[in-house]
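Numbering (the UniProt record's numbering), first residue to last: 1 to 576. Glycine is no exception: its CB is placed at the ideal position from the N, C-alpha and C atoms.
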Amino acid sequence: MIMKSNSTTTTSSNNILFFILCHIFLLLLLLQLTCHRRNFASAAAVRSSDGRSGKWNLLLPNIGISAMHMQLLNNDRVVMFDRTDFGQSNISLPNGKCRYDQNDTALKVDCTAHSVEYDVASNSIRPLMVQTDVWCSSGSVFPDGSLIQTGGYNDGEKVVRVFKPCNNASTTTTCDWREIQGALNQKRWYATNHILPDGRQIVIGGRRTFNYEFYPKTNSANHVYSLPFLVQTNDLKSENNLYPFVFLNVDGNLFIFANNRAILFDHTKNAVVKNYPEMPGGEPRNYPSTGSAVLLPLKNLQAREIQAEVLVCGGAPKGSYISAKNGNFSGALNTCGRITITDPNPQWTMETMPLARTMGDMVILPNGNVLIINGAGTGTAAWECGRDPVLKPVIYRPDNPFNSRFEIQNPSTIPRMYHSTAILLRDGRVLVGGSNPHIYYNFTTTLFPTELSLEAFSPSYLDPGSEDLRPQIISPASQYAIGYGQRVSIRFKVSGWVNRNLVTVTMVAPGFNTHSFTMNQRLLVLASDNVKPIGEKAYQINVVTPNNAKLAPPGYYLLFVVHQDIPSEGIWIKIQ
């Protein structure tokens, strides 16, 4: 009995020990798998932030011109142009038309087009006829949707050109530029434009033009107004204040940045309201050093005090332009300066980009992030002055913590150097074109050939894997007219599960892009209430439009519903 009992006890103890050892083995195995998953997730995170996000598509290998200037219109067509004195382009004018210009430095009789209209839906090009030289000109869209384009070179310096969107297919063959000779009081070459709250356009600066004027003219505003700030920030050897960065502040005054300094300017009184501190480092950021800048998304639009921030990125060190002219190419700047322009005591906060860049373009995406794209790693703007193309775009996430805002994207294979462009499309893609660092078209005997292609960059929010989270706007219909301070119901669908706390509505003013700056670009996050389900996979969110034209100048905007950082396709709205 005793022996039997001992045997049973021993067997029972062995079973317990075996059971414990099995559990320990299973726990160790689970721990190993967990660590493996963590390591895999960590590696995936590194990859996603190191050039693995976003997708490139070649849309057209040859649009006939190099897209130096670009503007999206409210019929989903993009007007592009370069300059008239490049010589022959690669696209003919229609119906046997020719341009006869005795002032042209290349061809007195030119039967090729130097402007085109790109139809996004059909991915097709239509040649347009511009008569006078639009080289290094400026522009903005009027409240009625017309592109008002100003200045240029040679016989185009004082010309205003108007292009009205052609919505009727039967008129597109005759719809073209209309030019108004002598409509500007001053020569405008490398100037900057902005739409004002009253719907007029202000035209600021230009090459050795230290003043501003308005368009259209009125009896009381048919003058040229001096702007000493442009004299103070100018270096006659390198002229680092061309294409100044201009933004409409929430109080109706203009934030004007030139070279490395900025002012807040009351255009109604011709008076400087505030002088901002010099950006740390003192390096030049405007042409030809050519950084870029954006007004960051405007939020809390119903608050008593609305905050506005400006971000300025890239450029080139002092003396880089002269050095590049002599064949020595300095490294571009890798810093960004961010400043809250509405603060009583504003100060710059400096950040470091993962890639140094000059001649980059900054595009505000519908979710409020900023895409930094195109440009060079050394040198400056101007003929033959850039080297080391930066092929990888970067996403800047302004709401992320400091030191975690930049994310490198997948690279293009096409260098986009001097005279390249980028704009946002209604479907959320970014249209990219241009690049011609040569006095004339050069396709063979040069380091960076003239580029006539058109590409689209699709940010990661357009990945097929996000399709079930992407909103689709049901109503209102596109071309919807609204007023200021108006309550609007937006209905949308989402095929997957909706996080109702992560839905916002944004409205974006498409801008006029040239020389690494997008004039009039603006994004507003609309005040909204809670998202409510209204049917199968359908929802409603009520928003309030901006209260006044100082926040959103009158005109056409793209409205997006954004869910978990993923935007819908936009609809056109007109605020008036």
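In this structure, the CA atom of residue 310 is about 10 Å from the CA atom of residue 249.
By the neighbour-count criterion, in which a residue is buried when 16 or more other Cβ atoms sit within 10 angstroms of its Cβ, residue 280 is exposed. Here residue 337 has 279, 312, 348, 350 as same chain residues with Cβ atoms under 6 Å from its own Cβ, once five neighbours each way along the sequence are excluded.
Inter-segment contact for the region 101-119 and the region 77-85 is present: three or more beta-carbon pairs are separated by less than 8 Å. DSSP, read as helix, strand or coil, puts residue 426 in coil.
With distances taken between CA atoms, residue 476 lies nearest to 491 out of 483, 485, 491, 469. Cβ neighbours of residue 399 within its own chain (closer than 8 Å, five residues either side excluded): 368.
With fewer than 16 other beta carbons inside 10 angstroms of its own, residue 481 counts as exposed. Nearest to residue 396 by C-alpha distance, out of 109, 107, 407, 531, is 407. Secondary structure at residue 255: strand, using DSSP grouped into helix, strand and coil. With respect to the C-alpha of residue 287, the residue from 220, 227, 375 having the closest C-alpha is 375. Below 8 Å, too few C-beta pairs join the region 443-453 and the region 145-161 to call them touching: fewer than three. In this structure residue 215 touches residue 150 by the C-beta definition: roughly 7 Å separates them, less than 8 Å. By the C-beta criterion, the region 378-388 is judged to be in contact with the region 423-437, since at least 3 inter-stretch pairs fall below 8 Å. Residue 131 has its alpha-carbon roughly 44 Å from the corresponding atom of residue 471.
The three-state secondary structure of residue 323, taken from DSSP, is helix. Between the beta-carbon of residue 124 and that of residue 451 there is about 19 Å, and that puts the pair past the 8 Å contact cut.
Nearest neighbour of residue 541 by Cα position, chosen from 473, 553, 495, turns out to be 473. Boundaries of the beta strand (DSSP E) around residue 272: 271-275. Looking at the DSSP output, residue 336 bridges to 313, 351. By the Cβ neighbour-count rule, residue 178 is exposed, with fewer than 16 other Cβ atoms within 10 Å of its own.
DSSP, read as helix, strand or coil, puts residue 61 in coil.
Our two residues, residue 114 and residue 127, have alpha carbons roughly 8 Å apart in a direct line. Just so you know, the alpha carbons of residue 205 and residue 539 end up roughly 48 Å apart. Apart from sequence neighbours up to five positions away, the residues of its chain that approach residue 505 with a beta-carbon distance below 8 Å are 490, 525, 526, 528, 541, 543, 559, 560, 561, 562, ordered along the chain. In this structure, residue 352 sits away from residue 289, with a CB-CB distance that is not shorter than 8 Å.
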